[in-house]
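Asks:
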Amino acid sequence: MDKNGSKGRVVVAMSGGVDSSVAAVLLKEQGYDVVGVTMRLFAYDQADSLTSYNKGCCTPEDVDDARRVCQIIGVPHYLMNFEREFQAHVIDYFCQEYARGRTPHPCLACNDKIKFNFLLQRALAMDADYVATGHYARVGYESGQWHLLKGIDPAKDQSYVLFTLRQQELEHTLLPVGVYPKSEIRAIALRAGLPVANKPDSQEICFIQQGDYRSFLAERLKPQPGEIVDSHGNVLGHHQGIEQFTVGQRRGLGLASSKPIYVLGVNAETRRVIVGTAEELLQGTLWASQVNYPAGAPEGPVEVRAKIRYKASEVPATLYPRGSEAVIRFQEPQRAVTPGQAVAFYVGEELLGGGIIEGAWDKALGDPVASARRAS
1242 MDKNGSKGRV
1252 VVAMSGGVDS
1262 SVAAVLLKEQ
1272 GYDVVGVTMR
1282 LFAYDQADSL
1292 TSYNKGCCTP
1302 EDVDDARRVC
1312 QIIGVPHYLM
1322 NFEREFQAHV
1332 IDYFCQEYAR
1342 GRTPHPCLAC
1352 NDKIKFNFLL
1362 QRALAMDADY
1372 VATGHYARVG
1382 YESGQWHLLK
1392 GIDPAKDQSY
1402 VLFTLRQQEL
1412 EHTLLPVGVY
1422 PKSEIRAIAL
1432 RAGLPVANKP
1442 DSQEICFIQQ
1452 GDYRSFLAER
1462 LKPQPGEIVD
1472 SHGNVLGHHQ
1482 GIEQFTVGQR
1492 RGLGLASSKP
1502 IYVLGVNAET
1512 RRVIVGTAEE
1522 LLQGTLWASQ
1532 VNYPAGAPEG
1542 PVEVRAKIRY
1552 KASEVPATLY
1562 PRGSEAVIRF
1572 QEPQRAVTPG
1582 QAVAFYVGEE
1592 LLGGGIIEGA
1602 WDKALGDPVA
1612 SARRAS
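Residue numbering for the sequence shown follows this note's numbering, beginning at 1242 and increasing consecutively.
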């Protein structure tokens, strides 16, 4: 503690929702010097198309909610502008990945680049010791290493979207809500008299209205028509842009078939969308890049439980580390392994690491290749 009895200064990233609001309440009760910060991610112009899409968080109303919470609990509140950073590292990244035939997870980019990079840098410049968020995950310390752990509420665990955190970020990170179930977080908010106690949770992608990413992309990407082919290269139809498709998609293909047809892959070079059967969607192995191990990489293969989508269940697999890349071999083939999405791997309650899915590991070629290239 410092001379004033504080455990240290912590900047709490406050979205105006119940989770980050309760994070501020808990940290103040625990003796931290709390500073609330809301990040301005968009220009608040009602004529702007991005603003019109943004209904999930970060609106002027959300800023007001965060400010009111800070007034109630007696801590300062600031609004910090991250519009340029968010545009470059989240919005542009989101569009560029779809243009490459991939399916990005923008929350990963926001956590990695905005919250735990740019916000953390500003917090440290304010003489803060920590940054805190309302994520349902935990940070532990053992044997001289910081560890990223699951939140205790399995239905709300968000460790998957935090796999990019390294030791230098974890030592400055507090995740106070991760030790509570969601029901208790709302109860704490009610007891504290917070106006956001019953506020609905925001949608997963804050800048996409009602999940309609296709309309969002249509405003920002030039249409590039191409062919829809089967896994043998036979042309079955045509499309108006690869950004309208993702692996595992069934609806909106415009194809007549006697059995269900799914997107197997997208080839940005040829602008081909490859489709096939449910059986062809199954993959036994994947290749990941940009792999990060928060507490250090294992020395060799290790048995893990892997998660290939945010809402997916963990499944048993073997992890084969390869520097900044990794190969994951599943015990049972998995459906719709999607390039651009993340894979996270766990040992018990700990997130051992994670990376960005590049595609399947093609045994026939003896080398990792994106699944979309099978029919190019």
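Beta carbons are placed, not taken as given, at the ideal position from N, Cα and C, and that holds for glycine.
Spatial neighbours of Gln1485 within its chain, please: CB distance less than 6 Å, with the 5 preceding and 5 following residues excluded, ordered by chain position.
Replies: Around Gln1485: Arg1455.
Asks: From His1473 to Val1516, what distance separates their C-alpha atoms?
Replies: In a straight line, the C-alpha of His1473 is about 10 Å away from that of Val1516.
Asks: In terms of residue numbering, what span does the alpha helix (DSSP H) encompassing Ile1549 cover?
Replies: Segment: none, Ile1549 is in no alpha helix (DSSP H) and carries neither H nor E.
Asks: Contact between the stretch 1495-1505 and the stretch 1530-1546 is defined here as three or more beta-carbon pairs at a separation below 8 Å; is this criterion met?
Replies: Flag = no, the stretch 1495-1505 and the stretch 1530-1546 do not touch.
Asks: Does DSSP put Ala1264 in a helix, in a strand, or in coil?
Replies: In this structure, Ala1264 counts as helix in the three-state DSSP scheme.
Asks: In whole angstroms, give me the CA-to-CA distance for Glu1270 and Lys1248.
Replies: Their backbone Cα atoms lie some 11 Å apart in a straight line.
Asks: Could you tell me the distance, in whole angstroms, from the CA atom of Leu1349 to the CA atom of Leu1403?
Replies: Distance between the alpha carbons of Leu1349 and Leu1403 is about 7 Å.
Asks: To the nearest angstrom, how far is the alpha carbon of Gly1385 from that of Gly1537?
Replies: Between Gly1385 and Gly1537, the C-alpha separation is close to 12 Å.
Asks: Identify every run of the beta strand (DSSP E) within the stretch 1467-1509, keeping only runs that are complete inside it and at least 3 residues long; order them along the chain.
Replies: Counting whole runs of 3 or more residues, the stretch 1467-1509 contains the beta strand (DSSP E) stretches 1467-1471, 1476-1480 and 1503-1508.
Asks: Shortest alpha-carbon distance to Val1488 belongs to which of Ile1549, Val1310, Gln1408 and Pro1301?
Replies: If we check each option's Cα against that of Val1488, Ile1549 comes out closest.
Asks: For the candidate residues Leu1389, Asp1260 and Asp1394, whose alpha-carbon lies nearest to that of Gly1595?
Replies: Considering only alpha carbons, the answer is Leu1389.
Asks: Determine the extent of the beta strand (DSSP E) in which Glu1590 is found, giving its start and end residues.
Replies: No beta strand (DSSP E) contains Glu1590, which DSSP labels as neither H nor E.
Asks: Can you name the residues that DSSP bridges to Lys1391?
Replies: Beta-bridge pairing links Lys1391 to Ala1378.
Asks: So is Asn1223 buried or exposed if we call it buried at 16+ other beta carbons inside 10 Å?
Replies: The first residue shown for the chain is 1242 and the last is 1617, placing residue 1223 beyond what the model contains.
Asks: Secondary structure at His1330, three-state DSSP: helix, strand or coil?
Replies: DSSP places His1330 in helix when its eight states are reduced to three.
Asks: Does the pairing of the stretch 1254-1269 with the stretch 1409-1419 give three or more beta-carbon distances under 8 Å?
Replies: The stretch 1254-1269, when compared against the stretch 1409-1419, does touch it at the 8 Å Cβ threshold.
Asks: Report all residues from its chain with a CB closer than 6 Å to the CB of Met1255; omit the five preceding and five following residues, and keep chain order.
Replies: Cβ neighbours of Met1255 beyond the five flanking positions: Ser1261, Gly1277, Thr1279 and Ala1307.
Asks: Considering only the alpha carbon of each residue, which of Ile1429, Val1253 and Gly1258 lies closest to Val1437?
Replies: Minimum Cα distance to Val1437 is reached at Gly1258.
Asks: Closest to Val1556 by C-alpha separation, out of Ala1329, Thr1526, Thr1414 and Phe1357, would be which residue?
Replies: Val1556 has its Cα closest to that of Thr1526, out of Ala1329, Thr1526, Thr1414 and Phe1357.
Asks: Taking all protein chains shown into account, decide if Asp1305 is buried (16 or more other Cβ within 10 angstroms of its Cβ) or exposed.
Replies: Answer is exposed; the Cβ neighbour count stays below 16.
Asks: With respect to 6 Å, is the separation between the Cβ of Tyr1454 and the closest non-hydrogen atom of the ligand MN below this value?
Replies: Annotation note on the ligand MN: not contained in the displayed structure, which lists no ligands.
Asks: Rounded to a whole number of angstroms, what is the C-alpha to C-alpha distance between Leu1411 and Val1251?
Replies: The straight-line gap from Cα to Cα measures roughly 13 Å.
Asks: What's the gap between the Cα of Gln1572 and the Cα of Tyr1503?
Replies: Whole-angstrom Cα-Cα distance: 23 Å.
Asks: Would you check if the stretch 1453-1470 and the stretch 1419-1434 touch, i.e. whether three or more CB-CB distances between them fall below 8 Å?
Replies: No, because fewer than three Cβ pairs between the stretch 1419-1434 and the stretch 1453-1470 fall closer than 8 Å, the two stretches do not touch.
Asks: Can you say whether Tyr1382 is buried or exposed, counting buried as having 16 or more other CB atoms within 10 angstroms of its CB?
Replies: Classification for Tyr1382: exposed.
Asks: Rounded to a whole number of angstroms, what is the C-alpha to C-alpha distance between Asn1439 and Arg1432?
Replies: Distance between the alpha carbons of Asn1439 and Arg1432 is about 12 Å.
Asks: Determine the burial state of Asn1352: buried for a count of at least 16 other Cβ atoms within 10 Å of its Cβ, exposed for fewer.
Replies: Asn1352 should be labelled buried.
Asks: In this structure, how does DSSP classify Pro1539 when only helix, strand and coil are distinguished?
Replies: Correct three-state label for Pro1539: coil.
Asks: Please state whether the Cβ-Cβ distance between Ile1355 and Phe1323 is less than 7 Å.
Replies: Yes, they are a contact pair.
Asks: Could you check if Lys1391 is buried or exposed, using at least 16 other CB atoms within 10 Å of its CB as the buried criterion?
Replies: Buried, by the Cβ-count rule.
Asks: Pop quiz: Ala1585 and Ile1598 are said to be a contact at Cβ under 8 Å. What is the actual Cβ separation, rounded to whole angstroms?
Replies: About 11 Å separates the two Cβ atoms, so there is no contact after all.
Asks: With burial defined as no fewer than 16 other Cβ atoms inside 10 Å of the residue's Cβ, what is the status of Gln1399: buried or exposed?
Replies: Answer is buried; the Cβ neighbour count reaches 16.
Asks: Quick one, are the C-beta atoms of Arg1512 and Gly1467 less than 7 Å apart?
Replies: Their beta carbons are under 7 Å apart, which means Arg1512 touches Gly1467 by this criterion.
Asks: Please go through the same chain and pick out, in chain order, the residues whose beta-carbon is closer than 7 Å to the beta-carbon of Ala1519, but skip the five residues on each side of it.
Replies: Answer for Ala1519: Pro1501 and Tyr1503, listed in chain order.
Asks: Span of the alpha helix (DSSP H) holding Pro1239?
Replies: Outside the modelled stretch of the chain, which goes from 1242 to 1617, sits residue 1239, for which no answer is possible.
Asks: Provide the residue span of the alpha helix (DSSP H) that contains Ala1428, from first to last.
Replies: It spans Lys1423 to Arg1432 - the alpha helix (DSSP H) in which Ala1428 sits, taken as one unbroken run.
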